[in-house]
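In the numbering used here, the protein residues as written are 3 to 250.
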Ligand code: IYR
């Protein structure tokens with residue numbers, strides 16, 4: 003009999019005597035192939051890490067968008083980049099739902115604004131809403147219908163193998179979060195803006211709106227587009243390197 007232990011993002015299956023006797027019932031989810039030579043990065047930025055930092059430091063979370071269209075090919079390249087992220091046992095446990103339909107964006111906005119009204123007025127602690135007050139956020143989210151795209155990122159909590167067995171998706175939340183970070187940088191590199199949102203309590207309704215399967219759980223939702231002409235952002239500063247890096 004197997005014991006399932008919940009451990010830090012991975013569903014570990016305890017190995018028992020019985021499993022060891024029947025080891026041949028296990029087969030890797032990935033095809034077993036010879037390793038291939040690799041000599042490191044072949045594409046680099048002309049200005050190296052300094053140039054990447056300048057780009058990254060220019061990123062701001064944008065909450066007011068222009069309706070100016072963005073070619074879908076740009077979004078496709080950004081999602082391709084996200085899909086290069088490392089993942090537990092190379093399971094690639096993510097789904098990126100890209101919404102451009104005005105009707106679906108409106109439905110998403112309706113679901114989120116309804117929940118966020120309850121979040122802000124009833125569910126979030128007073129300290130939480132107070133901490134957010136300098137950012138001037140509230141339950142009204144025009145960006146959900148103004149931005150040309152919404153990207154809903156789902157983590158796949160498990161997969162299905164060709165032999166119909168359940169495939170373990172180790173560290174699916176960490177893997178999908180790393181892919182999301184790569185997506186943010188790709189969006190930035192295309193001259194576009196975005197915003198990480200975590201619609202509290204909206205996951206199940208958004209999953210069913212988009213007909214996503216039961217193994218997919220909403221991680222984050224990003225509007226993507228250009229900032230509106232009158233866009234303003236909070237006057238924030240970032241921690242200095244000396245505050246975030248410790249050399250040994
Ligand atoms: N999800 C809400 C509240 C919110 C929470 C945090 I933490 C933020 O950094 C920003 C907002 C909203 O999107 O308004």
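Note that CB positions come from ideal geometry on N, CA and C, so glycine has one too.
Note that the coordinates shown come from a computational prediction; the quantities given were computed from them, not determined experimentally.
Query                                                                                                     : Result
Span separating the alpha-carbon of residue 244 from that of residue 250                                  : 13 Å
The region 156-175 contacting the region 210-228, beta-carbon criterion three pairs below 8 Å             : yes
Top-ranked residue by Cα proximity to residue 31, from 91, 81 and 235                                     : 91
Alpha helix (DSSP H) runs contained entirely in the region 58-142, provided each spans 4 or more residues : 74-84, 104-120 and 128-134
C-beta contact flag for residue 186 and residue 227 at 8 Å                                                : no
Beta-carbon spacing of residue 83, residue 231 below 8 Å                                                  : no
Any non-hydrogen atom of the ligand IYR closer than 7 Å to residue 118 Cβ                                 : yes
Check: residue 137 C-beta below 7 Å from any heavy atom of the ligand NAP                                 : Summarising the ligand content, the structure contains the ligand IYR and does not contain the ligand NAP.
Cβ pair residue 93, residue 169 closer than 8 Å                                                           : yes
Endpoints, the alpha helix (DSSP H) within which residue 209 is located                                   : 205-211
Simplified DSSP assignment, three categories, for residue 186                                             : helix
Same chain only: Cβ atoms within 6 Å of residue 76, ignoring 5 sequence neighbours per side               : 192
Segment contact flag, the region 111-121 with the region 137-145, C-beta cutoff 8 Å, min 3 pairs          : yes
Residue 202 - DSSP class collapsed to helix/strand/coil                                                   : coil
Distance CB(residue 55)-CB(residue 100) smaller than 8 Å                                                  : no
Coil, strand or helix - residue 191 by DSSP                                                               : helix
Helix, strand or coil at residue 172 according to DSSP, with G and I counted as helix                     : coil
8 Å contact criterion, which residue 208 and residue 154 should meet: CB distance rounded                 : 6 Å
First through last residue of the alpha helix (DSSP H) which encompasses residue 145                      : 145-148
Residue 241, DSSP secondary structure in three states                                                     : coil
Alpha-carbon spacing of residue 247 relative to residue 240, whole angstroms                              : 13 Å
The ligand IYR heavy atom lying under 7 Å from the CB of residue 201                                      : yes
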